[in-house]
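Engineer: The structure under discussion is supplied below as structure tokens; questions concerning it will follow.
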Amino acid sequence: MNLLASPFESIEHAVIWLLVIFSVATWGLALLKGVQFSRLKAQDRKFHKQFWAASSLDSAAQLAQEQPGAAARVALAGYAAIQVPDGAQANDLSQSINHQDRLERALRQQIVRERRSLETGLAILASIGSTSPFIGLFGTVWGIMSALKGISAAGSASLETVAGPIGAALVATGVGIAVAVPAVLVYNYFLRRLKLTAADLDDFAHDFYSLAQKSAFRVLLHPVLKSGASAGQKVKEAS
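Now the structure itself:
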């Protein structure tokens, strides 16, 4: 069939190709998000194991800089908020309250950043899942219009004349549904993974806050952490 035979046929083919692109995007995003969440889960599991094996909050500080993963970045943001330079003495209550507020804000903001990173691509999946059936239906309606135009030109309304064009037009609706179902399933799956990951980060932030509270919301900034904390502060200011 020639794509340029009529504007009707061109639209039908454009709809099918658009749905094919949506399908490729869906499975590509499913693969990328699967790798992202699997890697993040492994990184966080390793960090949690080493973090809770540390003897104190101070001694675990270097792990936050060395280890990748969302939990490590949350911890690093917490350390940056309550760090005290070497040799500094800050025992007054006002300093503790200031560090407490900074810690709460730093943990909350870092968790929000992690959520935004994990949400990347989910809006595309949601859009594909919600629009594909309607795009397919549009292709079907357009195909039926083309079929009726052909029937009118042929001057015959027999079953053989009607069934072929109408059946071909209905293919677009089937393709639209076939594209939408995986997109919705993939979206719901990774949305749940996102919520579970965010809940784990919230739990870790709460535990980190409790540990910091026991140390009066102050930890000693070791020399090895100074460069990392300074870099983190620059990134925070830039954002």
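With my numbering as the guide, the letters of the sequence shown map in order to residues 8 to 246.
For glycine and all other residues, C-beta sits at the position ideal for the given N, C-alpha and C.
As the structure is a prediction and not an experimental result, all values here were calculated from the model.
For the region 177-185 against the region 135-154, do three or more pairs of beta-carbon atoms, one drawn from each stretch, fall closer than 8 Å, so that the two count as touching?
Structural biologist: yes
Engineer: On the three-pair Cβ rule with 8 Å, is the region 72-84 touching the region 53-61?
Structural biologist: yes
Engineer: Return the CA-CA distance between E19 and S137, expressed in angstroms with no decimal places.
Structural biologist: Residue 19 sits at position 12 when you count from the first residue of the sequence shown. Residue 137 sits at position 130 when you count from the first residue of the sequence shown. Approximately 20 Å between the Cα atoms of the pair.
Engineer: Using a Cβ-based criterion (distance less than 7 Å to any ligand heavy atom), does E126 qualify as near the ligand MN?
Structural biologist: Here there are no bound small molecules, and the ligand MN is not part of this structure.
Engineer: Give me the Cα-Cα distance between E121 and W59, rounded to the nearest whole angstrom.
Structural biologist: As a working note, residue 121 is residue 114 in the sequence shown. As a working note, residue 59 is residue 52 in the sequence shown. Each residue's alpha carbon lies about 21 Å from the other.
Engineer: According to DSSP, is Q90 part of a helix, a strand, or is it coil?
Structural biologist: Here residue 90 refers to the residue found at position 83 when the sequence shown is read from its first residue. Correct three-state label for Q90: strand.
Engineer: According to DSSP, V226 sits in a beta bridge with which residue or residues?
Structural biologist: Indexing the sequence shown from 1 puts residue 226 at position 219. Looking at the DSSP assignment, V226 forms a beta bridge with Q90.
Engineer: Counting only runs that start and end within the region 106-146, where is the alpha helix (DSSP H) found for 4 or more residues in a row?
Structural biologist: none
Engineer: What's the call for W34, buried or exposed, on a 16-neighbour Cβ count within 10 Å?
Structural biologist: Looking up residue 34 in the sequence shown gives position 27. Under this definition W34 is an exposed residue.
Engineer: How long is the line joining the alpha carbons of A179 and D210, rounded to whole angstroms?
Structural biologist: Translated into the one-based positions of the sequence shown, residue 179 becomes position 172. Translated into the one-based positions of the sequence shown, residue 210 becomes position 203. Computed Cα separation, rounded: 47 Å.
Engineer: Excluding the 5 residues flanking A95 on each side, which residues of the same chain have their C-beta closer than 7 Å to its C-beta?
Structural biologist: Locating residue 95 in the sequence shown gives position 88, counting from the first residue. Model confidence at A95 stands at a pLDDT of 49, short of 50, so the residue's coordinates are unreliable; what they give is reported in the following sentence. Nothing listed; no residue qualifies.
Engineer: Closer than 8 Å is the cut-off here; do at least three beta carbon pairs connect the region 191-199 with the region 110-118?
Structural biologist: Touching, no.
Engineer: Given this structure, state the Cα-to-Cα distance separating G150 from V188, to the nearest angstrom.
Structural biologist: Locating residue 150 in the sequence shown gives position 143, counting from the first residue. Locating residue 188 in the sequence shown gives position 181, counting from the first residue. Those two C-alpha atoms are separated by around 23 Å.
Engineer: To which residues of the same chain is Q57 closer than 6 Å at the C-beta, ignoring the five residues directly before and after it?
Structural biologist: Your numbering for residue 57 matches position 50 in the sequence shown. If we look at Q57 and ignore the five residues flanking it on each side, its Cβ neighbours are L70.
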